[in-house]
Structures are given as structure tokens and as C-alpha cells.
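Residue numbers (this note's numbering), protein chains in the order written: chain A, 1 to 415; chain B, 1001 to 1470; chain C, 2001 to 2384; chain D, 3001 to 3412. We put the CB at the ideal spot given by N, CA and C, even for glycine. Structure first, commentary second.
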Amino acid sequence: MRIVIGAALSVILAQAGWTRDDVVVVKAGRIVTVSGPDIEGGAILIKGGKIEAVGKEKEIEIPWDAKVLDASKMVVMPGWIEAHTSRGVDRPNEQVQSVPFVSTFDSINPVDPYFEDALRQGVTSLFVLPGHQTMIGGQGCVLRPHGLTTEQMTVVKNHALKLSLQPRGGMSRMAHLAAIRREFDEMLQYLQDLEEKKREVPTAAGGQKQPPPEMDIKKETMARFLGGKLTGYVYCPEPADVLKAIELSKKYKFRMKLVVGRECWKAADAIAKEKLEVVLPAEMVYWETDEEKHQEILRVLPAIFHKAGVKFAMQTDSSSLGTSYQWYQAATAVKHGVPRDVAIKSGTLHAAEVLDLADRFGSIEKGKLANLVVLTGDPLDAQTWVDRVILEGAVVYEREKDEKLERVMELKAGK
Amino acid sequence: MRSACALLLIVGSTLLAPFGAAHGRQDPPVRPARKPLAIKGAKVYPVSAPPIEGAVILLDGTRIKAIGKDVQIPGDATVIDATGRVIIPGLVDAGSSVLVPRGDSGTSGSAEHDVADGVDTFSEEDKEVLQSGVTTALVRPLARGQFNGLEAVLRLLPNRDPQRFYLRRAAALKMTLGFSGADTSTAQQRQQDLLAARQSFEGAKAYKETWDKYRKDLAEYEQKKKQWDEQQKKTPPKADPPKADPPKADPPKPDPSKPAAPEPLKEEPKKPAKPRVDPRSEVLVRALDGQLTVHIEAHAADSIEHALALAAEFKLKIVLEGATEAHLVAEAIAKAKVAVILGPVFRYGIPKVDYVNHAMDCAAVLAQANVEFAIGSFPNPAAGHSGSGASRFLLEAAACAVAHGVAPERALRAVTLDAAKLAGVDRAVGSLEPNKAADLVILTAEPFDSAARVDRVILAGEVVYERKSD
Amino acid sequence: MRTLLGVITLLLIPAPGFPVPAAPGSVQDAAKDGVIALKGARIVTVSKGDIEDGTILIADGRIKAIGRGLEIPAGAETIELPKGSVAVPGFIDAHSHLASVFEIDESTESLTPQVRAVEGFSSTHADVRRATASGVTLVALAPGNGNLVAGRVGLVRINGRRLDRMIVSDSAALKLSLGDEALRRDREPTSRTGALRMLRDALRDPRGEISKSLIDRREPAIIHARLAADITRAVELKETFNLKAALVHADEATQVLERIRNGDVSVIFGPLTVSDKRAKLETPAKLAAAGVRLAFCTDAPASAEDQLRVTAAIAVKYGLDPKAALRALTLDAAALLGVGDRFGSLEEGREADVVVYGGDPLSLASPVELVVVEGRIVHRKPKR
Amino acid sequence: MRALALLAGVLALHSSVDGQASEGGPRGDVIAVKAGRVITVSGEEIKDGVILIEDGKITKVGAGLEIPAGAQIIDASAQVVMPGIVDGSTDLGVEGSSNEETDEIVPHVRILDSLNLRQPALQRALQGGVTTAYVGPGNRSVIGGLGSVVKTSGRSLQEAVVREDVALKAAMGSGPSWGNFPPRGMPPTSFYARRPTTRMGVVWEFRKAFFEARAYKEEAPARKDPAREVLVKALERKVPVRVAASRAGDIETAVRLADEFGLAISIEEAQEAYRHAELLAKKRVAVFLRPTYQTSTLYGAEGSEVRFTTFTALLAAGVPTALLAQTGVEGEGALAMAAFAVKYGATRAQALRAITLTPAELLGVAERVGSLEAGKDADLLFLSGDPLDVTSRIERVMVGGKVAAGRKIVEH
């Protein structure tokens, strides 16, 4: 399967100039490796879509047949990662409340402008999950924002299971939790019964041969989740939900990441204590009114979570404001006191770690996929443009050839 | 039955087990062994006994060690001089919904819903409630329907110490008859409620029977299975049984010392099909078995009468909640020996159906009829309340009862010991006695005096509120 | 049909002079036109200090004499009050829609100075009967908050008699509203900008009823203003047009305390309910401390008349001086409504509206022992 | 008493300078701000500059100024100081609706009457650097009333208002007509049937109002009509008309109507103004631009076609243009807008001017705010770095020489 995808991929990437089989060297004025210190005057050697070497330009031996991309006046960094989104799919919220067996893979719309725009902003990996409205919402899909079909875009099909602790309209939290427990308990009971049946099969000696009972295919995802083999992405709208999620994860022994609502900073200490990783909401900074003191208080989520020692990734939204860009979110975090390296990491390496895919991307290191963004300046500077995006070794976006950008940047009104 | 209980433990252990879900804003401070705390000089209302002038209360850790006129104060004790003050037990609001999200009131309930799952430990709405002297709260699920869920008893510890925050989980099963929380309650509503309640209890009975039968069948099956297995060993399957008459084995000699061997089985016994575990029915079965008290909210006089009838029909242990028109049927309640958690005392707005006959002298009538009662805040939107602020005025609610003829001691008991009793926590809180929880309130004057202010609140042996001198 | 009902109602009302039973068994027919002597209570006159173990002599509906050791005339009905009881002037509810539910907003227009609240009042309503035992003896009946100029505020006494004998005034004040309630999408004005323009125009129009009432006759304006911004605007109006004004429902009053004090505007506050936020519960104390004249109201049916005392008690719990609370319940309310010379204090010649409590009137544990209105006993504590 | 103490506390917060309460009040006190860099907007940037402030006004700005003895010194040598932001179009502090909807034409209502200075939004805007804001009626009426310029820090109207009734609000496009239809069974003139249902209808209402106002003026009746009085002022160009128009066609219409009645107009929103930059320049029409920066769809407000370069195009054509923050963004939205404007082609100076001095000039309040010059109000922002760097933070806001209550950033 993977070979087939690989082959398909090489075809698409070929359209962009060269294939992933080519050897490529990117010369960069500055490399923001994220995992280590920045490298001034560096070079990155890419083979088969993966980073083969990274270092000072003079330290990298450039093969004779290498294609060289000269970005020596530019800054190169790993592509931004969107660790949780429900955009780019058709209706992400299933009405039936327990559908662990569905996957966003089946409803991704490859031509959604969202993906095109993500690429333009230097995002190279996206985790598309079911929305917050379904209790047990199904599996997500890790994508690259490039390709003509879902298959071509897919990095990991059926990654993690989305759960939501947000009660549906007309339901209370107690009812919601009771419903989740019922699902889990019935699943455990089902597994227990299945085991029992399996044990009983060989003893049924006298009767006719029966095939051993098989697991219902619809229950497989859930079984893997409760068996600790599949990570849960648990949406917690309120801080009390965080505690409930922890309670559930301990009782039912599953692994999880938290997708938190804005008030959940109140539970930051509890999250830190359990060493959980979180995805912050796009509205990371918000005002609230202290009605007693008639005072306005600014809550800065990244700062609070950083201080509490929690590893976090940031979401973006679809507004026409800065909050729709990962770099802007990172800049906002820096503005309010988060160290620069942590802010950049939360949009790259930490996001990859939240995805449990840090072995594949998130930083510029040997062995990782060559998902690179070539920038005209510092990553957190508003004046910086994404000049090129390299996805698994192939250039898939060039600002010069971006027709849409060209159009909105026209000085004179055309036509 | 035992295995049903075991199952319940597996399935619903979170319902009942006091898991550390009360994790709060911060971890409880790890404290070295505390010095004992002594409060001297005050007039003390132990509630369980007559008031004592100039008593000493000695607290050791989270409990009361001694109380009386001549208690020795240890040398290392911290002493609070409360001369001129009045001390009462921490108030118990048996009609509270503090920390329970208000939004839940529009949702549909079910017997297995646990209010503790909805309690928002991050909310600080209990702060003022605690400052008014309420240290313990019986909270109920806010939901629609006949079965609303399981109630819980909270101790309003500011640090949310998970060990002590839930004093009792699954304290009672909350039901509602003929009251929807809005202004639509009618006889028809009650009829529906009763019908559904009866069906549910009948269903639970059937559920219990199914499980009892399953367990019986299972035991039987296991025994037979053993026999079958042994039988199989004796006649190994390898040996093809001859088609003709099998050689007759000698009939086994009867052994008088052993019971008669069972008849040989002709075919392999079938394992009985296991019924589904239903968390809702599990709870109802406990109510039917008398292990779980049922608190029935009913306001109209006829709703109350129907509640009493339902209790008699299914042999439920019940307590009435709200009971706005209890004064109209006090005799019937007394006769049924049912207790009442009365409230709200304060009602606002154009009266909704259930509150048209709301009367300030209801408690007095119940007292006269010898009905056991507590007074709770019951901040019900249908009575014009919003939020849980009514809990701050529990003493005032009791004072209103006094104005209409309830003896002051009895009124105080209605918000302390009697309330604790109806919440099932009177062994721990509600009165000032040795070995009970060190939850007490120091007042600046007699409890029902208009000059009475809460001076200090001591909860689990710690001063959790101290009035700023103004 | 309705007229028929009206006739029946009229027939059911006893002839004048006969007291109507307020609550079954609770009313004593006092010595008709005779003299009543209330003896043995501590008397809180409000205007002239307290009298321990004093006596009040009542005749012709007025207080004839008050003091310690008064000689009781022969033939007077003497009522020995229980030990520890306290006599106070009957409480005054300064803003109420008692027994006039759904009849308080004439919403065809936003300026309706011509309507009178007493004409939406139903004197036989159960709430009026209940009110006789509440300790409230005078109620300011106000139109609602739904019109910019809502109509006339009337005064009725809770004396258990028929309407014409209850009314003290059918036009004691004019009710205005600056809140959202007066803004409707189907009628001018829909916004505050529009509202202020209309009000100013009305006050500037010398021929209009509004300016005649408020400016020429100097009738008090009772202005509904919840938000600080609305309160400021009310004070501004008061100053610009030199009105006599009191605010009602001034929830955010503490945020503009100085403005209210400097503008010399009174505040009618209430009801305080057990659900209210601390900031609101502390408002009466803060207003009184700043020297603002204060009265309480039930805003019935928002709360029943017996909650007027609860409102005051809560205000005391949250910092209001008990003496100030009693003044707000009585004399200050009367003065603000323009009847301070008749109601709100126990003095010779004042209306004989007296309430006797079993103890401290501000302790909710004290029962109402006796209510006298217009010199007649309208309620006695039921025996249990 | 407690209330008084509270009030005193608030006052102390307002007047505290570097943590010290200025005893005896600020009057007469001289404050000297020593800044690492001063962005005056009106002139050159000054490195290591000093700003002298007296009675809430700037008396001197420059490098190496002598600091008078006894002056309170604010050391901002590690900070960048710039003038407070002037937001050219907001509904900050409006309580309830900002639209008086009884009629299409309500020129005589005043937004000041709806202002609630205690609304959180004002405080949030202030902490985000907006010290002066134009507050105007919304877009639901064809002619919606008079807008005013206020300081966001004001606690009373007297204190807050900088200039009242600076512009008369009008709206083109679908704002006044959206959702209107004659309900079934009601006469089309019924109150419930708001009349204009199309762009044509909107323009007709506008034209009719001014047509009638012109007749009213000629007639000069003894009994004054307050609504028409305002319109007459607009006809006499004593009050400018602020027209909300997003699409190119609506902008053209506004200009045509202005010509027809001789009105002085400015355009607000103006997302498609790039199509008519020359026309606007020729007609001397200023623009309050609220740009749309998104590429996912190419369409913005009212279906206008997105251009990132509108601002640059207008400036290039010589149209005075102020930049507006995105609606609903509290605080530092205007600085972000300026940063994006630079990214999309403007110069630093142009972008910073467009959120300070330009709107101040267009609103007629430039003698008081908009730049750091002697004689102007001491409305200062203290930033941790360059204002166009999105990682810079506003660390302190000063209005009229008083430090506004510091915001509380809770980081646990």
C-alpha cells in the first residue's frame, strides 16, 4: 500500500519540478533547525525526500548530480504543523454520537481552498479530525496540503481517535459522561465475551467445527483505543472536563492528548502533573471582565501553559486576521512572554510531538522528511513572505508563481 | 444478587467510588502534624445538646476532640478567644445546587447520572456560600424527567482536597413528580411522571429477576458442565461408541456415605445467555432494595400524596424535596413517617403553578404535625431564583420559620443536624460533638439576631473565612 | 360579561365603614370611631427617637398622642402588646406593581403621561389580601418600564377596604424609563439616541403634559435606570430641567455614586433577592453612606410585599445601618413620594399606620404582631 | 466610606506614575518621559528622546532636552514611544443598538446619548493602544445620526468627548436594506415593512431626504424640524457626511450623491476603493479603509473583491486614507493592520500615520491628538519594541499625561 502511495506521490511531486528521487541541496542564509541552534550559512542535503544531512554549507558535500536550490539570502525552517483542525472536510460532525469507525479520510475535499492557503502560509502537515460535536467522533487523517486526491495528500490514514466531552444540546455533562462510560463498558464487556467465546471454541469438541469468533469490524477502532494502541484526542471545553478526561483515561487506561477550550488554563497544573500534551484553541488570548473589581484581565493561554510546564501546539482559525496563521500565533505567544524558541517549536516540533509523528517531521534533522519553508526573513516578522515550500524534497509552492497572490497584490484594478 | 453487585462495581464504580475527581485549583497543602486548635469563651450551640455558655471546643486535626465547659486546653494549642461570640455547627444546605452547572436544568435526566460528574470544581460560586456559614451541601442533578440522577454531599473546601470534598457520593436518587421546573406542571405532567416512574420500577424489578435467574442458571450450568466434563473424561471421545447396544455398565453401587450421584447427562449443557448490564436499572434496583434513599421533589399537595403512594407501592425509602404545599397535607406526611427537605422559603416573581400556595408558615405547620424536616435553599428558577446565591441566606430562611411559630432550636436544627440526617451524613457533620467533623461557624450574635454576622468559618479544622473587621 | 363581574365585585365589597376581612380570622373589628391605645411596646418614631415602653393613642385614623405613661381615656380599647415588641410606622413600598400584573405598560406609544397606575390595580386581588399581614401599609403603584414616559404613580394604603378608600393619591409622581425595556423595534424610539432626543423634546415642549407635570407642577419623576450610563443620563436630565427626581432599579448606582449624590437624586432600591450578587446587595449601604436618600421597593410582582422587610434586612446584613434601613422603609420613602408630612413617622397628628413586631423589626425571626392602618386593626398574628 | 475608598483607589491607579501616586493631583506637575526611541509621526523619529508634559499636554519633544527640576521622570529608555492610536470608526461603548431603526432617516440622533463609558470594550481598546476613537451609528439606517470623537479612558462624558457630532452617518449598499420585505397582509407603508429593499431604494431614501431638506431650507419655516436642521448643516458643508460603502459601485454612488447635493463626504469600509482611487482623489474624498486580508476566498465584505493593495493604491493616487482595525478585534488590531499594510506595499511612515495622525486630521481633532508635538495631548504608547513588529507589546498607555490603569495579564 505504502509503495503504491509512494509511486503516486512521485508522480504529483514530479509536476513541481523534480521527483523525490532527485538529490537536492538547499543552501540557506539561515537555517532554523528548531531541534538545535540556528545555522548561519547552512545547507541541507535531501535524498529520497528525506533530510540526509544538515550543517554549515562548507560542511556539506554536494553530490555532483544534486539539484541546488539557492536560498542563501533566505531563512529556511521546517514547515508549520496544524495539530488539530476540522477544516477541509465536508461536515466534520457526525450526528450519531458514537462513531469510532468513521474517518475524516472519507470526507476530505482535496480542492478546498483551505489546503491551498495553508501551503501559501508555509504549513506542510495538517491533522484533520472530526469536530467537537460528536461524543466519539471517529478517526483523523494526517495530510500534506498538496495533491489532487485524498490518497495523494495522505500522510497517515486513520490517525488517532477524536472524542469530545462537550455535551450535545439538551444533554448535561453527567449524562454525557454516563453515555461515554456506557460505550466504554459495553466495549470492555464485548471484548471479555469475545475472549470467552474464543476460549470456548476448542473445547466444543463433540459438535461440528465452528470458526473462531471474529471481532466486529465496527468495533475495531474502539478496541484499539481502549487497548492503548490508538491515541485519543479528547476535546475538553471546560476545565472540569480536563479532570474528567484524566479520570476516564486512568480508569479505562487509554492514552490521550487534550484539545482544550479557553477556560482550561485553570486546569493547567493538573495537566502538567499528568504530563499531558495539549492543543490550544485559536483564540489563545482573550479578555475577561472582573466584575467585582471592574477590571479587564487579559488571559494569555500560551504563557500560562508554558509557565505550568505543559507542552502545547496551537490551532488557527478561518478569520481574515492574524489568528489564521501559525506564525502569527507564535508571534503572539512571544509578545506575551513565551520564549521565542518555545513559540516556534509549538508550531513545529511540539506540534509533531503532539501528533506522535516527531520521528517524521517537525524539525530539520537528519532522517526526517524534507518539509521545509523558505522565508524571505525572520519567521515571526510580519514583513516576511513564504517564498517557497518544499514538501518531501520537492518544491510545491513558489510565491512567484502564485496566481492568487499576484491577483490580490495587483496595484491597479485590472479589468 | 452478589454478582450483580460485583458487576455494578465493575461497570459503575465511578458512580460510587469516591475517585479523586475533586481535584481542584491546587493540591491540598501538605501540612505537618497540626497543632490542636481551641476556641474558648463563646456560647456554643452543639445542636445535639443544650447550649453551653463559655464553652471550650478543642479541635484536633480535622475533627472535634472535646467540647464542654471544663475541657483542658493543651499547652501547645492555638487558642481563639471567642468571648461574646456564638458558635453553631457548620450549616448544612440540604437543598443546594451549588457548583452544579445551571445549564443542566434543561437536559433530560436518568437514574444513573451522577451529579458529581457535573460538579464544576473550578467554579468559585461556593465562596460566598461558605462565607455565610454553609460548610456542607447536598447537591442534586438539575435535569428534566422523573429520574434526575444521583445526589451527592459536598464539603465546600476551598482547596478542593480530593479526600474530603465529596463527603458522600450517590447519597440519594433524585426523582421529580408533577414538576417540570417551568410553569407547565399540571396533573397531566404528574400522570406522565407517575406512569413513567412505575414502568421504570417495574422494569427494574424484571431486570433484577432476569439477573437472578441468570445467576441461578449459571450456577446450575457450571455444576452440570463440570459433570459433563468428567463424564467426557470417563468416556473418551476417541472410542467410537458402538452403534449397537452399548455394553451395559454395572449400575453404580449406591454409596450411603455420599449423596446420590446425578444422572448422567445426555448432551452438553448450554451456557445461559448473559443479560445486558444496564447502569440505569442497577441504580433502580438499589432503590428497590432499600439501599438507596429516593428523594422525590413534589410541590403540589396532590403530587406529595402521590409520592407517598408510590413509596408505599414499591417500598421505597423516601424523603420529600421542595414540598411547597406540604402544609396542606402535613397529616398525611406525618402518618407516612416521611421526612421533608423544605424550600425555597424565598420566592419571587409571578408564582408559577407549583408555588401559588407557597406559604411562609409551612415549616410551622410541619413542626406542629411532628413531621421531620430540614430547610434547604432550593434556588429554583421557577421560584424566581438564579444561581445558587440563595444558599447564603439559609439562616435567614430558618429565621422566617421562627417568625411563623417554629421554635428557634428546632429551626436551627433544620439547617444543621436534621439536614445532615436527611443527607445521610449526620455521623460526620451537623452537630458539635466529639469525633465529628471540625466544621463550625463563629457568629457575632445569636443566630437569628439581625446583628448576627459570620465572624469565622472553620472547616475541617481550618479557618477558611475570617471577617474583615469593618 | 366584564361589567357583570364588576357589579358582582362591587356587591361583594361591604359598605364603607365595615372592615373587609384581610385574612380569615385575622382581623379584629376595632372600636369603631373609638379610641385605640397600643401599650407596652418600644416605639420607634423614626422622626423623634425611640420611646421605651410607650403608648400610642389613636383616634379618627390619626395618632392622637404618643409617649410614655400616657393616660388612657375611658372607653378606649387598650391593647397590651407582648413584652419585647416594637412599634414602627407602617412600611412604605416606594415602587410596586401590586395586583396590576400585565396592566402596567400601555405600549401603543412610548410617551403616555396620561395613564394612571391605580387604574390598572385590582383591589380584591389575593396579593392585596396577603399584603395586609406584611407590615407594608402604603404602596406606591407605578406603571412599568416599557415606556419612555410610562404614566402616573399612585399611592394606595393597604387597609383592607375598597379601592376608593385605599387611594391616597392617583398622581403622586410621573414614571419615566431610560432602560432597554422602553426601546422596541416596532415603535419610536429603538435606540438610546432616539430615546433621549424624544425625552428632551417632550420636556422642552411647554404645552406638553410631561413638561407641565414635571417642570410646572414639580411632581417627582421616578426614573427607571439600571446601567451607570442611564443613571448618568437621568441625573443629567434632572439637572438640565431642574426636576425632582428619584431613580428606581439603579443596579449600577455604585459606579456613579458621586454623580448621584452631587445631582441630589434619591434612589428607590429593591427588591434584594437571595440570588443577587454581592455588589447589588451592598448597594443600599453604599448609597446611604454616600448620603443619598434611599427608599426600598418590592417591585411587586418581582417580590411580594412581605419581602420589603427582607430586602431591608438583607441590606442591613450587607452593611446598611439599621437606623438608616428603618428610615428608608418609612419616612424617607414618604418624603420622596411627597407625603412625608402625613406618613412615615409616629408623631401626633400623623396617619395612624402602625405595625408592631414581636421583636427587632429587622430580624426576620420577629413576627408581625399587629397591623394598624388608618387607625383600624387590619391584621393580628394568628394563634398557633 | 468603603465606596469612597474604592473610588480613591481608582483615581490613584489613574494618576500613578511609575508606581508613585502624584500627590496633590497632576495639575501643575511636569512629567519628563525619557524614551529609547520616539516616533512622533509628524516628524522624524528621535533616538533617546525626551517628551516634556505639563498639565496633560506635551510641551516639548526632542533629543537631549533639559529636564526641569522637580519633574517626575518616567524612564522608558528601553522602550519605543509613539502617539496613541486614533481609531477612525468604532462602536465602542455603545450600549444596546447603535442603530435607531424607527426610520430610514434619523440624522438628528446622537451616538453620545447611547454611550456607556463603563463598557469593557472601551477599557480593552485603551489597553490595546487606542486612546481616541470615533464612535458612530451603525449601518442599518440610510442616514443614521451623528458620531463623535471620544477618549477611551474617559470616565464621564465631559472628560471623554474630544469633539462632538463630527460627522453624519450614511450607509450605501445592503446594510440598510438587508432583510427588509413587506410582510404579508400588511400595507407596504406599515412600520414593520422597512422600505428600502434594494440598493436603488437606499439611494432614493437618501436623495429624498436631502431633496426635502433643501426645500425646507428655502422655506425656512418658523417651527424647526430637528432632523432637517441637521441635514441642512450637511448641505451647507458644516457637517461632513460619512458614507459606509464597500463595493466600487456604492462608492461611485456616494460620490455622485455628494456632487448632486454639494456634500462633503468621506468613505468608510471602502474595500473596493482601489477601483476608484483616481475618482476619489479628484473629488477630494478621504477614506477610512478596513482592509480584508485573506486569500482563501477572494471576496470580502458585501461581496467586494479582495485586494491587499487598496491602501497603497489610494495613497499613490493622493487619497488621504486612514486604516481601521478589523471589527471585533479588541486592542492591538490596529498595529497588526499597519504591519500588514507595510507587508503589502506601504512605507512604515505611511502605515503608522494611517492609524494616528491621518484619522485625527480627517476627524478634525489633529490639534489635540495624532502625533507627538508640543501643544497636543500627552497620549502616549510605550512599546517593548518596534510598533510594526508583531512580537512587540504595549507596556503602558498614557492619556492626557496620566497612566491608564495597567492591564493585568494573568499568567497563572
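CB of residue i within 9 Å of CB of residue j, strictly
i, j, result
"B:V1294", "B:L1173", "yes"
"B:V1098", "B:L1154", "yes"
"B:G1405", "B:A1364", "yes"
"B:N1159", "B:E1297", "no"
"A:L165", "A:L177", "yes"
Option in the options with minimal Cα separation from residue i
i, options, result
"B:A1374", "B:G1095, B:G1384, B:T1062 and B:A1049", "B:G1095"
"C:D2060", "C:I2036, C:T2193, C:T2311 and C:G2040", "C:I2036"
"A:I51", "A:V25, A:S72 and A:K275", "A:V25"
"B:T1121", "B:L1142, B:L1156 and B:G1349", "B:L1156"
"D:W3178", "D:V3142, D:E3164 and D:G3147", "D:V3142"
"C:S2100", "C:R2116, C:V2086 and C:G2120", "C:G2120"
"C:V1966", "C:E2077, C:L2320, C:T2254 and C:G2263", "Only positions 2001 to 2384 of chain C appear in the structure, and residue 1966 of chain C is not among them; the question remains open."
"D:E3164", "D:A3349, D:G3345 and D:D3113", "D:D3113"
"D:L3387", "D:A3404, D:K3282 and D:A3351", "Note on residue identity: the sequence assigns Pro, not Leu, to residue 3387 of chain D. It is D:A3351."
Neighbourhood of residue i by C-beta, 7 Å cutoff - its chain only, sequence neighbours within 5 removed
i, result
"D:A3273", "I3251, I3267, L3280, V3287, L3289, T3310 and L3314"
"D:G3024", "Residue placement at D:G3024 cannot be trusted, given a pLDDT of 38 that sits under 50; what the coordinates show is reported in the next sentence. Counting only Cβ-Cβ distances below 7 Å, and skipping sequence neighbours, we find nothing."
"A:G49", "R20, L369, A370, E392 and G393"
"A:H306", "V338 and V342"
"B:D1354", "F1179, S1185, H1299, A1300, T1324 and A1382"
"C:R2062", "G2349, R2350, E2351, A2352 and G2375"
"A:G65", "Here residue 65 of chain A turns out to be Asp, not Gly, going by the sequence shown. Around A:D65: V23."
Close Cβ partners of residue i (< 6 Å) along its chain, the five nearest in sequence each way excluded
i, result
"A:D22", "K67"
"C:A2022", "Residue confidence for C:A2022 is low, a pLDDT of 41 falling below 50, so the modelled location carries little weight; the figure read from the coordinates is stated next. Around C:A2022: R2129, T2132, G2160, V2378 and H2379."
"B:T1107", "A1143"
"B:S1303", "L1177, G1178 and R1190"
"A:K218", "F101"
Beta-carbon proximity list for residue i, same chain, < 8 Å, skipping 5 on both sides
i, result
"A:D317", "A282, E283, T323 and S324"
"A:V334", "R340, A343 and L380"
"C:P2361", "V2044, V2086, V2088, G2135, R2309, L2326 and V2355"
- Task: Identify every run of the beta strand (DSSP E) within the stretch 375-408 of chain A, keeping only runs that are complete inside it and at least 3 residues long; order them along the chain.
- Result: 386-391 and 394-398
- Message: Using a Cβ distance threshold of 8 Å, determine whether the stretch 1383-1399 of chain B contacts the stretch 1043-1059 of chain B, with at least three qualifying pairs required.
- Response: no
- Whole alpha helix (DSSP H) runs in the stretch 2294-2369 of chain C with 4 or more residues, listed along the chain? With a minimum length of 4 residues, the unbroken runs of alpha helix (DSSP H) contained wholly in the stretch 2294-2369 of chain C fall at 2307-2317, 2322-2329 and 2331-2336.
- Are there three or more Cβ pairs, one per stretch, closer than 8 Å when the stretch 2296-2308 of chain C is compared with the stretch 2340-2349 of chain C? no
- Query: Quick one: any contact between the stretch 2328-2348 of chain C and the stretch 2169-2188 of chain C, if contact means 3 or more CB pairs under 8 Å?
  - Reply: yes
- Inter-stretch contact at 8 Å, needing at least 3 Cβ pairs: the stretch 3120-3139 of chain D / the stretch 3086-3102 of chain D: Yes, since at least three Cβ pairs between the stretch 3120-3139 of chain D and the stretch 3086-3102 of chain D fall closer than 8 Å, the two stretches touch.
- Query: Between the stretch 2299-2319 of chain C and the stretch 2275-2282 of chain C, are three or more C-beta pairs nearer than 8 Å?
  - Reply: yes
- Query: Unbroken beta strand (DSSP E) runs of length 3 or more, entirely within the stretch 3046-3080 of chain D: which are they?
  - Reply: 3046-3054 and 3057-3063
- Three or more C-beta pairs below 8 Å linking the stretch 2179-2194 of chain C and the stretch 2215-2232 of chain C: Contact holds: three or more Cβ-Cβ distances are below 8 Å.
- Query: So, do the stretch 2107-2126 of chain C and the stretch 2063-2075 of chain C have three or more beta carbon pairs nearer to each other than 8 Å?
  - Reply: no
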